[in-house]
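Scroll down for the structure; my scribbles are underneath it.
Protein chains: 2
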Amino acid sequence: MLRVLIDRYVREGQPVGSRTLAREAGLELSPATIRNVMSDLEELGFIRAPHTSAGRVPTVQGYRFFVDTLLKVQPLDITSVEKMRLEFQAEQAPKNLIESASELLSGITHLAGVVTLPKHEHALFRRVEFLPLSENRVLAILVTSEGEVQNRMITTDRQCTASELQQASNYLNQLFQGKDLGAVRSTLLSEMQEARSTMNRMMVTAIQMADQVLEEKQSEDYVMAGQTNLMEFHELCDIEKLRNLFDAFNQKREILHLLDQCVHGDGIQIFIGDESGYQTLDECSMVTAPYQVDGEVVGVLGVIGPTRMAYERVIPIVDATARLLGAALNHKD
Amino acid sequence: MLRVLIDRYVREGQPVGSRTLAREAGLELSPATIRNVMSDLEELGFIRAPHTSAGRVPTVQGYRFFVDTLLKVQPLDITSVEKMRLEFQAEQAPKNLIESASELLSGITHLAGVVTLPKHEHALFRRVEFLPLSENRVLAILVTSEGEVQNRMITTDRQCTASELQQASNYLNQLFQGKDLGAVRSTLLSEMQEARSTMNRMMVTAIQMADQVLEEKQSEDYVMAGQTNLMEFHELCDIEKLRNLFDAFNQKREILHLLDQCVHGDGIQIFIGDESGYQTLDECSMVTAPYQVDGEVVGVLGVIGPTRMAYERVIPIVDATARLLGAALNHKD
DNA sequence: GATTGGCACTCTCTAACGGGGAGTGCCAAT
DNA sequence: ATTGGCACTCCCCGTTAGAGAGTGCCAATC
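Same order as they appear, the protein sequences are chains Y and L.
Take 1 as the starting number for the first sequence in this note's numbering and just add one per residue.
Take 1001 as the starting number for the second sequence in this note's numbering and just add one per residue.
In structure tokens:
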């Protein structure tokens, strides 16, 4: 019953009344019977009436119950998965894959797609290079085993010569080649403790630089696509709300925090309406799945849309995309 | 007269009538007189009445005339320029400066700010590096004199060994060190002609790779900030329009084409309403200025807002930002 | 006792109506 | 050339009324 109501509401976006529901549900029941049932559902807090004598709409608890207990996700058919896989087939830089993934998500679901950049904690250190720029500014370039390149401007406290820098990078390359970045970072930190006294000034600088490069990874980021899809849902078509929502997308902070929570829970994670705890997302839901490279979760992807979304359709899509993205990134090693 | 009307309309966003205008203009004239003048202005095509018995609003030609002939931009006062300069003061990577600039623009004007990434045609080749990734995939890293790092995945037709790659990068580094990227590119192209026969297979690969890296620069890009500011203008607060506008921002193609046109015209360039030729921007204006590094124009920045914008306030801001950004980027050499 | 039809009631939505207000155009007077 | 006056137009806004959809409850039915 609730299932049919939600199904209908998701499709039409209008409060649904007893007559419609009677017709919609396969069962041969009169509207009056339905009304009784709906009364019960309302008492349980699963649906509510926007006002007397409008139909009913699902509440957050309603969606939650629907998603948790009576949702059966139909697995995607093979051909459409194949179609998706092709999107990732072309050899691409990781950054492009991420973008493809978010576009794929938003394209198929007609919602907003979001993909966090992969964490590099478990990438392997490949090499670091320091190039002098001007006076006391140095360009540090870090290359990981995944073919990811990070670069960063560094200010040193004194001018370094080219050979000094060469020496520094040689030292670090030799020391860390092939190690995982997390390990590199922690080694660096402890090294910095004792370095003060025993190592020469230049090595300290080198370590500081390397540490700065690694720091970058902490500030995470995401890529988003299809925000404008959300304008199609009339329940969000309020300039005030839209503005807040888009501002939140640009700010990134709140969304990132939310996505972060999804890394830990394994598998699909769903926030419905105000469950997220952020007011700007009150009328939105988020369906996310972590994606893995080498069996390690390195990021999260998902979609953001109105609470009224076709969960049973979206969930398998998000799930599949996470798998495909993971696989595509794996290739790179 | 037109000036006063535009001024008022820009502030209030409402059609302005003869009585208001009579009060607003310092002159001691009766509404009736004003009406005659407005009649004339309407005949000239500078203003129009949305319907009988509403006030008048400026037309595109009205704005154009206003901007071209009777606009006197008041120069920015020193203190606010200083404030802006501070934003750029901090040593930053070019990419960050670009972002700061677009945020600055949108922040001060309350419109959308846009800044193209600087062209690198005139940057100097510093070095290129090739790292083997897997099978026949190679990571190419190009560093320019400006401290800009570009990296790109390259697929070769056969597997290259580390030493081959080393050799290739040595060759290129030696050949091109310190040359300007435009020159590098053209040299590469001509070299590729004769290379077929005389040079060994590996060098061809090297040139192909380098060429691929350089190609990247062609596809330009921009950074945008403050899109949501546009939601505050009620003449744009139509979901349909907003959606088209935001889609255009994401698509980038049209906007980029428009910005491209602004590189050539020197100094401030202004598109009002449908002058841009793109329907999505019909109700928008764009104020742009090219910015230079080393006396060479390398990019464009500007703001996008409703036709009803405070041109005399926006123009000097865009102008100043272009200068400041140029100066900040100059530092880097 | 679950199910049903009937009925009065509620509430929204829409269109129609009707001032009030703002602004115009024109004209005659200054 | 400028001005006040005046009739006219059109938007805007609040009111009203009717249609439509849906509900809750009650009594009848299987």
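Quick reminder that beta carbons are idealized off the backbone N, C-alpha and C, glycines included.
All values derive from a computational prediction rather than experimental measurement.
Asked: At a cut-off of 8 Å, would you count L/M1231 as near the ligand PLP, judging by its Cβ distance to the nearest heavy atom?; Found: Of the ligands one can find in the structure shown there are none, so the ligand PLP has no counterpart to examine.
Asked: How many Å lie between L/D1007 and L/A1310 at the Cα?; Found: 8 Å
Asked: Is there a Cβ from chain Y that is less than 9 Å from the Cβ of L/M1038?; Found: no
Asked: Is Y/F246 close to chain L? Criterion is C-beta to C-beta, closer than 9 Å.; Found: yes
Asked: Is the distance from the Cβ of Y/G113 to the Cβ of Y/L301 below 9 Å?; Found: yes
Asked: At which residue ranges does the stretch 147-176 of chain Y contain complete beta strand (DSSP E) runs of 3 or more residues, listed in the order of the chain?; Found: 149-155
Asked: Residues of chain Y with a CB under 7 Å from the CB of L/N1151: which are they?; Found: V149
Asked: In terms of residue numbering, what span does the alpha helix (DSSP H) encompassing Y/T280 cover?; Found: That residue, Y/T280, is in no alpha helix (DSSP H); it is neither H nor E in DSSP.
Asked: Identify every residue that forms a DSSP beta bridge with L/F1130.; Found: L/A1140
Asked: Between which residues of its own chain and L/D1333 is the CB-CB distance below 6 Å, once the five residues before and five after are set aside?; Found: With a pLDDT of 49 at L/D1333, under the threshold of 50, the modelled position of that residue is not reliable, and the figure given next carries that caveat. Once the five neighbours on either side are set aside, L/D1333 has no close Cβ partner at all.
Asked: Could you tell me whether any Cβ in chain L is nearer than 9 Å to the Cβ of Y/V143?; Found: yes
Asked: Using 8 Å as the threshold, is the stretch 232-247 of chain Y in touch with the stretch 92-101 of chain Y, meaning 3 or more CB pairs across them?; Found: no
Asked: Could you tell me the alpha carbon to alpha carbon distance between L/F1249 and L/I1255, rounded to whole angstroms?; Found: 7 Å
Asked: For L/A1168 and L/T1187, I'd like the C-alpha separation in whole angstroms.; Found: 16 Å
Asked: From the beta carbon of Y/K93, is the nearest beta carbon of chain L less than 9 Å away?; Found: One detail in the question is off: residue 93 of chain Y reads as Ala in this sequence, not Lys. It does; some Cβ of chain L falls within 9 Å.
Asked: Beta carbon of Y/E230, beta carbon of Y/L142: below 9 Å?; Found: It should be noted that the sequence gives Leu, not Glu, for residue 230 of chain Y. Their beta carbons are not under 9 Å apart, which means Y/L230 does not touch Y/L142 by this criterion.
Asked: Cβ of L/Q1177 less than 9 Å from any chain Y Cβ?; Found: no
Asked: Do you know whose CA, among Y/V263, Y/L259, Y/E129 and Y/S190, lies nearest Y/Y278's CA?; Found: Y/L259
Asked: Of all Cβ atoms in chain L, is any one closer than 9 Å to the Cβ of Y/M1?; Found: no
Asked: Leaving out the 5 sequence neighbours to the left and right, which residues in its chain are closer than 8 Å to Y/L70 when beta-carbon positions are compared?; Found: L2 and R3
Asked: Under 9 Å, do L/P1132 and L/T1161 count as touching if we go by C-beta distance?; Found: yes
Asked: Between Y/D333 and chain L, is any beta-carbon pair separated by less than 9 Å?; Found: With a pLDDT of 49 at Y/D333, under the threshold of 50, the predicted position of this residue should be treated as unreliable, and no value is reported.
Asked: Roughly how many angstroms separate the alpha carbons of L/R1313 and L/R1023, rounded to a whole number?; Found: 23 Å
Asked: So, using beta-carbon positions, are Y/Q261 and Y/A289 closer together than 9 Å?; Found: no
Asked: Taking C-beta to C-beta, are L/T1144 and L/L1124 nearer than 9 Å?; Found: yes
Asked: Which residues of chain L have a Cβ atom closer than 8 Å to the Cβ of Y/C284, listed in chain order?; Found: Within 8 Å Cβ-Cβ: nothing; Y/C284 doesn't reach chain L, min ~16 Å.
Asked: Over the uninterrupted beta strand (DSSP E) stretch that includes L/A1112, give me the two end residues.; Found: A1112 to T1116
Asked: Sorted by chain position, which residues of the same chain lie with C-beta nearer than 8 Å to L/E1220's C-beta, five sequence neighbours on each side aside?; Found: T1116, L1117, K1119, L1256 and D1260
Asked: Rounded to whole angstroms, how far is the Cβ of Y/V81 from the Cβ of Y/I315, which I believe are closer than 8 Å?; Found: With 8 Å as the limit, Y/V81 and Y/I315 do not qualify as a contact, their Cβ atoms being about 14 Å apart.
Asked: What number of angstroms, rounded off, separates the C-alpha of Y/N170 from the C-alpha of L/D1211?; Found: 29 Å
Asked: If you pair each beta-carbon of the stretch 320-330 of chain Y with each one of the stretch 1018-1033 of chain L, do three or more pairs fall below 8 Å?; Found: no
Asked: Closer than 9 Å, CB to CB, is L/R1085 near chain Y or not?; Found: no
Asked: Mapping the DSSP letters down to three states, classify L/T1052 as helix, strand or coil.; Found: coil
Asked: Taking the beta strand (DSSP E) that L/P1306 belongs to, which residues open and close that run?; Found: E1296 to P1306
Asked: Helix, strand or coil: how does DSSP classify Y/V73 here?; Found: coil
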